[in-house]
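Trainee: Here's a structure for you.
Residue numbers (the numbering used here): 57 to 288.
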């Protein structure tokens with residue numbers, strides 16, 4: 057289960073064949089992955105303050121690429137527009153890969169992307185990271201500030217993955233699955249592999265995951281409605 061289908065799609069689509077909140081039962085959150093606001097070097101900015109000055113000046117007109125309407129990358133951009141008081145345009149692609157390729161090639165100049173996906177290109181100097189969208193810095197990008205540290209207060213958005221099962225699954229089964237995954241996540245080698253690609257392990261209880269799903273459904277659902285985002 058991912059944050060989009062579980063917490064966003066009910067607000068994004070006019071109708072759905074199922075309700076994630078009532079038809080699925082949370083088991084465990086696996087990860088919470090931050091996004092990074094990054095730009096093509098040709099834009100000529102190296103800090104969020106410089107980027108904001110450029111965005112507010114309106115020259116050049118800035119547009120950000122995303123993996124598609126309603127994706128975490130898209131919502132991160134809409135939340136940035138609202139929180140930072142700017143009006144970047146949105147260019148939806150059919151997937152993060154094509155969007156990232158065009159950013160690297162300079163066809164677009166701004167993107168919010170999953171840290172792990174963009175990390176090699178940042179390390180190679182092909183992209184300039186300005187800030188991460190989580191409340192804490194990403195371990196793999198220790199020199200890149202959070203939005204709050206860079207001056208944008210009230211901004212936080214992360215994607216996540218987890219495990220859910222059909223509603224009505226016996227609680228004993230859910231508890232066993234939860235305990236098994238928690239045990240795996242205690243293995244140092246396993247955690248290290250996940251964290252090396254910028255995907256912090258979360259784990260925890262089924263109740264914790266359920267609370268996250270409900271909170272994000274409310275918060276991100278409001279963002280979708282306020283921004284008028286739709287795919288229908």
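We treat Cβ as the ideally placed atom computed from N, Cα and C, and that holds for glycine.
#1: Determine the extent of the alpha helix (DSSP H) in which residue 173 is found, giving its start and end residues.
#2: Are the CB atoms of residue 87 and residue 287 within a distance shorter than 8 Å?
#3: Using alpha carbons as the reference points, say which of 206, 76, 119, 109 lies closest to residue 265.
#4: Relative to the C-alpha of residue 167, which residue among 194, 197, 124 is closest?
#5: When burial is assigned at 16 or more other CB atoms within 10 Å of the CB, is residue 136 buried or exposed?
#6: Since residue 145 is in the beta strand (DSSP E), which residue starts that stretch and which ends it?
#7: Does the stretch 194-207 come close enough to the stretch 86-104 to have 3 or more Cβ pairs within less than 8 Å?
#8: By the three-class DSSP mapping on this structure, what secondary structure does residue 84 have?
#9: Residue 215 by DSSP, collapsed to three states: which one?
#10: Which of the three DSSP states is assigned to residue 118 in this structure?
#11: With H, G and I counted as helix, E and B as strand and the rest as coil, what does DSSP make of residue 193?
#12: Would you mind giving the Cβ-Cβ distance between residue 152 and residue 169, rounded to the nearest angstrom? I have them listed as a contact below 8 Å.
#13: Helix or strand or just coil, what does DSSP make of residue 131?
Mentor: According to the structure shown:
#1: 171-179
#2: no
#3: Out of 206, 76, 119, 109, 76 has the C-alpha closest to the C-alpha of residue 265.
#4: 124
#5: buried
#6: 145-148
#7: yes
#8: Assignment of residue 84 by DSSP, reduced to helix, strand and coil, places it in the strand class.
#9: strand
#10: coil
#11: coil
#12: 6 Å
#13: helix
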